Structures are given as C-alpha cells and as structure tokens.
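A.B. asks: For reference, each letter of the sequence shown is one residue, going -11 to 454 in my numbering.
Here it is: the structure, laid out below.
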Amino acid sequence: SFLVQSQGASFIHQSSQAHCHIVACSSPHHMAAASSASSVNSLEGVGLTKTPFSVAVDSWAQKWLDSNRVAGMAVAFSQKGGKKMLHKATYGFADKEAQRPFSGDDTYQIASLTKVVVAVALMQLVEEGKVALEDPISKYVEEFKSLKGVLGADGKLTPLKSEPTLLDAMRHTTGMAPYYFIPQLADGRENPFIAEMAAVLGAPTAKDFAKMLADIPFVHQPGEYIDYAVSVDLAGYVIEVVTGMPLSEYFEKNIFGPLGMKSTCFTPKRTEDISNRRVKCYTANIEAWTADPAKYFSDDFEGERMRPALPQEDLVFLPPVFCSGGGGLMSTVDDYMRFGECLVMKGAFPDGSGRRLLQESSFMMMTKDHTSSICKNVPPTYAINGTGSDMEHKAFGIGVCVDKGSIGGGFFEWGGLTSAVWWADPRRELVAVCFTQLMNSFVYPFRTELKEIVEKYVPENLNSKL
-11 SFLVQSQGAS
-1 FIHQSSQAHC
9 HIVACSSPHH
19 MAAASSASSV
29 NSLEGVGLTK
39 TPFSVAVDSW
49 AQKWLDSNRV
59 AGMAVAFSQK
69 GGKKMLHKAT
79 YGFADKEAQR
89 PFSGDDTYQI
99 ASLTKVVVAV
109 ALMQLVEEGK
119 VALEDPISKY
129 VEEFKSLKGV
139 LGADGKLTPL
149 KSEPTLLDAM
159 RHTTGMAPYY
169 FIPQLADGRE
179 NPFIAEMAAV
189 LGAPTAKDFA
199 KMLADIPFVH
209 QPGEYIDYAV
219 SVDLAGYVIE
229 VVTGMPLSEY
239 FEKNIFGPLG
249 MKSTCFTPKR
259 TEDISNRRVK
269 CYTANIEAWT
279 ADPAKYFSDD
289 FEGERMRPAL
299 PQEDLVFLPP
309 VFCSGGGGLM
319 STVDDYMRFG
329 ECLVMKGAFP
339 DGSGRRLLQE
349 SSFMMMTKDH
359 TSSICKNVPP
369 TYAINGTGSD
379 MEHKAFGIGV
389 CVDKGSIGGG
399 FFEWGGLTSA
409 VWWADPRREL
419 VAVCFTQLMN
429 SFVYPFRTEL
439 KEIVEKYVPE
449 NLNSKL
C-alpha cells in the first residue's frame, strides 16, 4: 500500500455521454464481449429489461465521470454465485490521455484486496492441520522469538505479555506499528516508526522482510488495539515457510488455478500481456482534499481534481519486490468476481461440482467478529476505503471487515488503496466489485454510495423482481 463480460452476454449498450459499455446478462461473466460487439440501442428482443438498479448505477458512475474526479471505472454485481448478473459495465477510459477504452479484460492493481486471498490460503492450511490460528508467529519465524517489546508513550520498552499469533496477524492486533502512511497509532499517539515501516517493504525477499520487522519494537500489547499494519505480509511469509512454496505458487495451485483466475498474479511476476492490459493509475488532489474536503467536492472547485500518478505514486513501480501478501496482486474484474462468488457461496465452487475452496466451517470462522470483544478501538477506515464508513458497527474477521457481533456468515468486505471496492452480501447472495485506479482510496465515498443503491433496489428476497 502507498499514500499519496460472461459467456452469452445478451446486451451491450454504448452511451452517447461518457465512453460506456454495459453488459446485462442472465448467464455468468464476462465483459470481454463488450469490446468487440456492435453497440445496441434497445433491449427489445433480448428478453431482458433495463432495471431501475442498473439505471441508478449508470447515473452514479456518470456523476463521477462528469465531475472529472475519475478517468474510468468498471462495476459489476452478481447473485447466486454468478448465475445471475445484475449489472456489469465499464465507464470512461482505461487511459484518458490516450483515449484508450476498456477492453473487458483490463488488469488493475488491487492492493489490499490481496489480504482476502491470504486469508483464504491460511484457512486452507488450518483445515489441513498445518497451522492453527492460535499459533504464535515465532513458531514459524525464528526472529519473532526475541522481539524487543512494546514502546510506551514514555519512550521506554516493556516486555510483551503474550506473543502475537497468526490470528493477530490477520485481524491487525499484533501490536506492531501501522503502515508508514498512517500518521497516528490507534491510541492517538504519533506513529514513531514511519521510516522503519517504509523500509521493511523495501526488503528484497519476504524472509528479509520478516527479519527486519522483528527488529522494530511494538507499539501495543498483542490483542489490545487494532492498528492497520503489514502483518498480513507476515502471514504470507508464514504460508511460504509452512508449504515450502513461494506465495505466488501456492496461490496459483490452490486458488487461482482451480477458480480459473488466469489474469491474477503478483505485480513482480506479471507478464508483458498483463502489463499491457493494465488500467492507468491516477491520483486525487490529496492536498486540496485534506485542506478543505467540502470545498474540494463542491461544483465550483477550480483546482486540479485528478491527474496521472507519478511513478513514485503508482503501486506498479513501488516496493515490495517480493510477493506481498498485504497488497501485491494484480487482477481483473472477472477474476476477482469469481473469487468473491466462491466465498459468498460459503466456500463452495458456484458450478455445482461439489468442489470447495474452503469448508463452510472455515468460511464461518473467517467472517466472524474477532475484534470487538477484545480491542479498545474500532477498525480503522483504511481497510474499506474510508470515506463515509460507519466503523462503530464494524469489526475485523480474518482478512475481512464484518458487522460487529457477527457469528460468521454475514456481510463481509475489504478494499484496496487504488480505490478498489469489493464486498459480499450472503443475505442477497450478492458480490459487488468496483475497480478503478485512483489513489487514494479514502478520498471518495464510492463504497458507501454503491451500498446505498443496492439497499434501495436489490431486495434480500432472491425471488423478488428488481
């Protein structure tokens, strides 16, 4: 992280406003057909009706394009494990300056959405008896057997009362300092290890990263506070230690391959083809937003609203060079939808084959509230794109954000610093994806506004008409 369409697509429409491809279909995925099919101006004869829901999503996306605060985006909603596509569209341009349209198989830096994949991988190892969530990290990382202790507000070090566990790593309660772009600790103190937390992500390998991390004092006792940290990268390294495989190889063999996620990979492992399909990265005017958010969002704001990201602001050019479990993946809308559709079906492959990515018990454990009963603070907004999020009613599960008090199996979500939005709603058997490449994710309320549209137009009763 860094501060700063399916087979059988039955309708394709190109708007006369912003460059927009919409695919509405009742069969599973993909948007690829949208890029080559001729545009159709009517739904007549295709057996589908353009719904109030899809109209609302179109209007929402158009608003952001018209305001020149986003160059383009892709939005998709499916139900029933992908068997019912509610909406799937691209808006604007993959590269505004070059006027390059979206192709349907565009690749995106998905940043912290990588963490959800690590969570699934770790729960697979729990099922196999190779790890336990309560295992201390030191069981797998030798250097964590001699941690320096906790740096207090008085500048003194005190010993750890307990060792951080794998569960702590996945729910961000290890006690280590947060990411280097987060200026404050959960208790309000200034982050004393900004430089150190930046340096660890520059490590040449995951093993070196773990060694460097072990040398930095903690800022809280394990389990007391949620501080959004690099601990999921550490869990990714544990997966490598336990399996004897590079994290990229484990993901491919056990998650990406089985699900057919052919365009998902770690940034350092990307092919030329995946690079060529990448959506251009932009950045919001962080300075103007920070100084006066209300003015920045006003229609008469005259300053710069968006610009192409500089290399030092673009994740593809930044460390880590190792396969980062905390934020290193690139993916496509279709690939991440497949992943989400498997999870919303409680770990079962949506194809009815009987295969499972996770056992239902593991899925329930993953989507359970693991923080609200033990932590002194609520989850930070960084995990789910920030703006407009009501975190008082949220908690962290294992690699996902869940509703406070959840016993598992309820609503779960996560996000990425490139304004990548994703959630799954088992009440509706719904998966939502909104991908763009806009730094930073906590500026715009994309998630909040899309949720409001879903709440208004998509009933929880799956048999109801939209």
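Note that CB positions come from ideal geometry on N, CA and C, so glycine has one too.
Treat the numbers as computed from the prediction; the structure is a model and nothing was measured.
Should the region 111 to 126 be called in touch with the region 350 to 358, which here means at least 3 C-beta pairs below 8 Å?
C.D. replies: Short answer: they touch.
A.B. asks: F434 lies in the alpha helix (DSSP H); which residues open and close that run?
C.D. replies: Start at 1 with the first residue of the sequence shown, and residue 434 comes out as number 446. Here the alpha helix (DSSP H) through F434 covers F434 to Y445.
A.B. asks: Rounded to whole angstroms, what is the Cα-Cα separation between M379 and V366?
C.D. replies: Mapped onto the sequence shown, residue 379 falls at position 391. Mapped onto the sequence shown, residue 366 falls at position 378. Approximately 6 Å between the Cα atoms of the pair.
A.B. asks: Report the partner residues of A99 according to the DSSP bridge assignment.
C.D. replies: The sequence position of residue 99 within the sequence shown is 111, counting from 1. In the DSSP output, where bridge partners are listed per residue, A99 has L317.
A.B. asks: Out of K250, I243, V220 and M73, which one is the CA nearest neighbour of G316?
C.D. replies: Along the sequence shown, one-based indexing puts residue 316 at 328. With distances taken between Cα atoms, G316 lies closest to V220.
A.B. asks: Could you tell me the boundaries of the alpha helix (DSSP H) in which M200 lies?
C.D. replies: Against the sequence shown, residue 200 aligns to sequence position 212. Where M200 is concerned, the enclosing alpha helix (DSSP H) stretches over A194 to A202.
A.B. asks: Got a sec? Which residues, its chain only, sit under 8 Å from C311 by beta carbon, not counting five neighbours each side?
C.D. replies: Counting from one through the sequence shown, the residue named residue 311 turns up at place 323. Hits under 8 Å: A194, G224, P234, L235, S236, F254, P256 and K257.
A.B. asks: For K283, does the three-state DSSP call read helix, strand or coil?
C.D. replies: Along the sequence shown, read from residue 1 onward, the residue named residue 283 stands at position 295. Correct three-state label for K283: helix.
A.B. asks: Return the CA-CA distance between A371 and S341, expressed in angstroms with no decimal places.
C.D. replies: By 1-based counting over the sequence shown, the position of residue 371 is 383. By 1-based counting over the sequence shown, the position of residue 341 is 353. Rounded to whole angstroms, A371 to S341 spans 33 Å at the Cα level.
A.B. asks: Can you tell me whether I395 is helix, strand or coil according to DSSP?
C.D. replies: Residue 395 sits at position 407 when you count from the first residue of the sequence shown. In this structure, I395 counts as strand in the three-state DSSP scheme.
A.B. asks: What residue from M427, I214 and V58 has the CA that sits closest to Q97's CA?
C.D. replies: Taking the first residue of the sequence shown as position 1, residue 97 is located at position 109. Of M427, I214 and V58, the residue nearest in Cα terms is M427.
A.B. asks: Counting along the chain, where does the alpha helix (DSSP H) carrying V58 start and finish?
C.D. replies: Translated into the one-based positions of the sequence shown, residue 58 becomes position 70. Unbroken run through V58: none, as it is neither H nor E.
A.B. asks: Going by the CB atoms, is the gap between Q67 and E417 shorter than 8 Å?
C.D. replies: Translated into positions along the sequence shown, residue 417 becomes position 429. Translated into positions along the sequence shown, residue 67 becomes position 79. Yes, they are a contact pair.
A.B. asks: Taking 8 Å as the threshold (C-beta atoms), are P180 and A165 in contact?
C.D. replies: Locating residue 165 in the sequence shown gives position 177, counting from the first residue. Locating residue 180 in the sequence shown gives position 192, counting from the first residue. Yes, Cβ-Cβ distance for A165 and P180 is below 8 Å.
A.B. asks: DSSP three-state label for M164, please.
C.D. replies: The residue labelled residue 164 in the question sits at position 176 within the sequence shown. In this structure, M164 counts as coil in the three-state DSSP scheme.
A.B. asks: In or out: I386 buried (at least 16 other Cβ within 10 Å) or exposed?
C.D. replies: Counting from 1 along the sequence shown, the entry for residue 386 is found at position 398. Per the 10 Å Cβ criterion, buried.
A.B. asks: Are there 16 or more other CB atoms within 10 angstroms of the CB of V261, so buried, or fewer, so exposed?
C.D. replies: Within the sequence shown, numbered from 1, the residue matching residue 261 stands at position 273. Correcting the residue identity first, residue 261 is Asp in this sequence and not Val. Label assigned to D261: exposed.
A.B. asks: Using beta-carbon positions only, say whether D196 and V207 come within less than 8 Å of one another.
C.D. replies: In the sequence shown, counting from the first residue as 1, residue 196 sits at position 208. In the sequence shown, counting from the first residue as 1, residue 207 sits at position 219. No. Outside cutoff.
A.B. asks: For I227, is the classification buried or exposed, using 16 other Cβ atoms within 10 angstroms of its Cβ as the cut-off for buried?
C.D. replies: Your numbering for residue 227 matches position 239 in the sequence shown. By the neighbour-count rule (16 or more Cβ atoms within 10 Å), I227 is buried.
A.B. asks: Strictly by DSSP, which residues pair up with S66?
C.D. replies: The count along the sequence shown starts at 1 and reaches residue 66 at position 78. Beta-bridge pairing links S66 to M73 and V419.
A.B. asks: Can you find the residues in the same chain that come closer than 6 Å, C-beta to C-beta, to T231, ignoring five residues on each side of it along the sequence?
C.D. replies: Position 243 of the sequence shown, counted from the start, is the residue given in the question as residue 231. Excluding residues within five positions, the ones whose Cβ falls inside 6 Å are Y238.
A.B. asks: Look at the alpha carbon of V446 and the alpha carbon of F41, and state the distance between them as a whole number of angstroms.
C.D. replies: Residue numbering aside, residue 446 sits at position 458 when the sequence shown is read from its first letter. Residue numbering aside, residue 41 sits at position 53 when the sequence shown is read from its first letter. V446 and F41: Cα-Cα distance of roughly 7 Å.
A.B. asks: Consult DSSP for L145 and reduce its assignment to one of helix, strand or coil.
C.D. replies: Translated into positions along the sequence shown, residue 145 becomes position 157. DSSP places L145 in strand when its eight states are reduced to three.
A.B. asks: Let me know the secondary structure DSSP gives V409 once reduced to three states.
C.D. replies: Here residue 409 corresponds to residue number 421 of the sequence shown, with the count starting at 1. DSSP places V409 in strand when its eight states are reduced to three.
A.B. asks: Are the region 242 to 249 and the region 153 to 165 in contact at 8 Å, needing three or more beta carbon pairs?
C.D. replies: Taking 8 Å as the limit for Cβ pairs, the verdict is that the region 153 to 165 does not touch the region 242 to 249.
A.B. asks: For the region 307 to 386, which segments carrying the alpha helix (DSSP H) assignment without a break, of at least 4 residues, lie completely within its bounds, in sequence order?
C.D. replies: For the region 307 to 386, whole alpha helix (DSSP H) runs of length 4 or above, ordered along the chain, are 321 to 332 and 348 to 354.
A.B. asks: Locate the alpha helix (DSSP H) running through A187, then write down its first and last residues.
C.D. replies: Counting from 1 along the sequence shown, the entry for residue 187 is found at position 199. I182 to V188 is the span of the alpha helix (DSSP H), which, as asked, contains A187.
A.B. asks: Identify, in the order they occur along the chain, each residue of the same chain with its Cβ nearer than 7 Å to the Cβ of Q172, setting aside the five sequence neighbours on each side.
C.D. replies: Against the sequence shown, residue 172 aligns to sequence position 184. E178 and N179, listed in sequence order.
A.B. asks: Does DSSP put V138 in a helix, a strand or coil?
C.D. replies: Here the question's residue 138 lines up with position 150 in the sequence shown. DSSP places V138 in strand when its eight states are reduced to three.
A.B. asks: Look at the alpha carbon of L438 and the alpha carbon of N264, and state the distance between them as a whole number of angstroms.
C.D. replies: The residue labelled residue 438 in the question sits at position 450 within the sequence shown. The residue labelled residue 264 in the question sits at position 276 within the sequence shown. So the alpha carbons of these two residues sit roughly 29 Å apart.
A.B. asks: How many angstroms separate the CA atom of E32 from the CA atom of T39?
C.D. replies: Reading the sequence shown from its first residue, position 44 is the one you call residue 32. Reading the sequence shown from its first residue, position 51 is the one you call residue 39. Residue confidence is low: E32 scores 30 on pLDDT, short of 50, so the model does not pin down where it sits. No coordinate-derived value is stated.
A.B. asks: Might you give, ordered along the chain, the residues of its own chain that have their beta carbon closer than 6 Å to the beta carbon of A62, omitting 5 neighbours on each side?
C.D. replies: The count along the sequence shown starts at 1 and reaches residue 62 at position 74. Answer for A62: T78, V321 and F423, listed in chain order.
A.B. asks: My assumption, with CB atoms under 8 Å, is that V111 sits in contact with M353. Please give the rounded CB distance.
C.D. replies: As a position in the sequence shown, residue 111 is number 123, starting the count at 1. As a position in the sequence shown, residue 353 is number 365, starting the count at 1. This sequence places Met at residue 111; Val is not what is there. At roughly 7 Å, the Cβ-Cβ gap stays under 8 Å, so M111 and M353 are in contact.
A.B. asks: Tell me the DSSP secondary structure of V119 in three-state form.
C.D. replies: Residue numbering aside, residue 119 sits at position 131 when the sequence shown is read from its first letter. Three-state result, V119: coil.
A.B. asks: Using 8 Å as the threshold, is the region 287 to 296 in touch with the region 271 to 278, meaning 3 or more CB pairs across them?
C.D. replies: The region 287 to 296 vs the region 271 to 278: in contact.
A.B. asks: In chain order, what residues of the same chain have a beta carbon less than 6 Å from the beta carbon of F400, not counting five sequence neighbours either side?
C.D. replies: Numbered from 1 along the sequence shown, position 412 holds the residue referred to as residue 400. Taken in chain order, the residues that qualify are T355, V388, V390 and A412.
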